[in-house]
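K.L.:
The structure follows.
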Amino acid sequence: MIRPVRVGVVGLGQWGRHHVRILAQLPQVHLVGVVDRDTREAAHLAHRFDTRPYQDHRALLGEVDAVTIAVPTALHYEIARDFLRADAHVLVEKPMTVAAEDAADLVDLATARDRLLLVGHIERFKPAVQRLFRLVDEPMAIAARRMRPYDAARTMDVGVVMDLMIHDIDIVQSMVPGRYEDLQAIGLCVHNSHEDLAAARLRTAGGCLVTLYASRVAARKTAEMEVTMTDRAIHLDLLRQTITINYFRGETQRITLEGEEPLELELRHFIACVRGEARPLVPGEDGVRALSVAEALLARMVQITPPVRV
């Protein structure tokens, strides 16, 4: 009988709590401990899910086979590096790190230690996205919009490009991998020193035009993508998990997909990879690629200052 995978969760914010909830119920997992600087929150979740609370991630080094990391982005590199050096498999939330150079360093370290390094690009686990990948063939244009209302409780340690737009960058790269050219971006800061609203345009080496729009100061939540090909256009609604295909010859097809909670699928997949039962869907290399494009957009971004009321 194969023993359960010993897993730890580092970071118990809005997203990390869900990691704990799901991992605690997986029969293939022994949840060894949860880590957060907020000792009260760590103690509360540890009691609720019958595990141990810790304030410092280093207490779990050598005690776990695998770890999920859901802390502020600036801490990703150090914590992931420590666990890889301790021969633990790692799932780190997106964005993988602050800098693509650090992300590439983690990939090299994981390879050297023969450990798995996965990145939490959760949109890949949504059934509608998986279906979209099968429907798309040589796209001519891709347009994505991703917006959510302002949430003061949400961690704002990175701008909206790294926070939201990077999801669509990852999806686009999955459809049209390769080199990107003519990158342009514009951003607006509303509540933070980082951009809260951004628009970007780029072109693939094969000529596909990509436009991206992201906002975390919107009136309502939206996540959609439009893909145009020579004979049809496909609209993806990520919130409703629906796909609409408009064939230029005059036909329309609508597809509605249902499935399990994407985060549960992602975490089950991570554990299956650790157990040697699956190959990583979102390996560290994909995280580096998405981060590199996001970095390039930020480097070219024109920042617009909102007008001052007098």
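Note that the sequence shown covers residues 17 to 326 in my numbering.
Ideal placement from N, C-alpha and C gives every residue a C-beta, glycine not left out.
Note that the coordinates shown come from a computational prediction; the quantities given were computed from them, not determined experimentally.
1) Quick check: what's the CA-CA separation for F46 versus G275?
2) Using CA coordinates, which residue listed in A40, I85, L213, P155 is at the minimum distance from T321?
3) Is A215 helix, strand or coil by DSSP?
4) Is it buried or exposed, R74, if we count other Cβ atoms within 10 angstroms and call 16 or more buried?
5) Just confirm the distance between the C-beta atoms of H35 and L283, as a whole number of angstroms; I'd bet it's less than 8 Å.
6) Quick one: residues in its chain with C-beta nearer than 6 Å to the C-beta of A120, no 5 flanking neighbours on either side, listed in chain order?
7) Classify E109 as buried or exposed, calling it buried when 16 or more other Cβ atoms lie within 10 Å of its own Cβ.
8) Between the alpha carbons of C289 and G266, how many angstroms are there, rounded?
9) Out of F264, S209, E242, point me to the one whose CA is closest to L334's CA.
10) Can you grab the Cα-Cα spacing for the pair A128 / R162, in whole Å?
11) When you compare only the Cα positions, how much space is there between L134 and D124?
12) Am I right that H210 and V174 are in contact with their C-beta atoms under 8 Å? What's the rounded C-beta distance?
13) Within the same chain, show all residues whose beta-carbon is closer than 7 Å to that of K142, passing over the 5 residues directly before and after it, in chain order.
14) Run the CB neighbour count on F286, radius 10 Å, all protein chains shown included, and call it buried at 16 or more, exposed below.
15) If you drop the 5 nearest sequence neighbours on each side, which residues of the same chain put their C-beta closer than 6 Å to that of D52?
16) Look at the alpha carbon of N208 and the alpha carbon of A169, and state the distance between them as a whole number of angstroms.
17) By how many angstroms is the C-alpha of V87 removed from the C-alpha of A159?
18) Between the alpha carbons of F65 and V80, how many angstroms are there, rounded?
19) Do V25 and T84 come within 7 Å of each other at the CB atom, strictly closer than that value?
P.N.:
In this structure, then:
1) A small fix is needed here, since residue 46 is His in this sequence, not Phe. Rounded to the nearest angstrom, the two C-alpha atoms are 25 Å apart.
2) Answer by Cα proximity: L213.
3) Per DSSP, reduced to three states, the secondary structure at A215 is strand.
4) The residue is exposed, with fewer than 16 neighbouring Cβ atoms inside 10 Å.
5) The beta-carbon separation of H35 and L283, rounded to 7 Å, stays under the 8 Å limit for a contact.
6) Sequence-distant Cβ neighbours of A120 in its own chain, meaning closer than 6 Å and more than five residues away, are V304.
7) Buried is the call here.
8) Roughly 44 Å between the two C-alpha positions.
9) The shown model of the chain, from 17 to 326, leaves out residue 334, and the question about it has no answer.
10) Rounded to whole angstroms, A128 to R162 spans 37 Å at the Cα level.
11) L134 and D124: Cα-Cα distance of roughly 13 Å.
12) Confirmed, Cβ separation roughly 6 Å.
13) The answer, listed in chain order, is L254, Q257, P278.
14) Under a 10 Å Cβ-count criterion, F286 is classified as buried, with 16 or more other Cβ atoms of the shown protein chains found around its own Cβ.
15) Only L28, A58 meet the Cβ criterion.
16) C-alpha separation (whole angstroms): 13 Å.
17) Spanning the two alpha carbons is a distance of roughly 30 Å.
18) Roughly 17 Å between the two C-alpha positions.
19) Going by C-beta atoms, T84 is nearer than 7 Å to V25.
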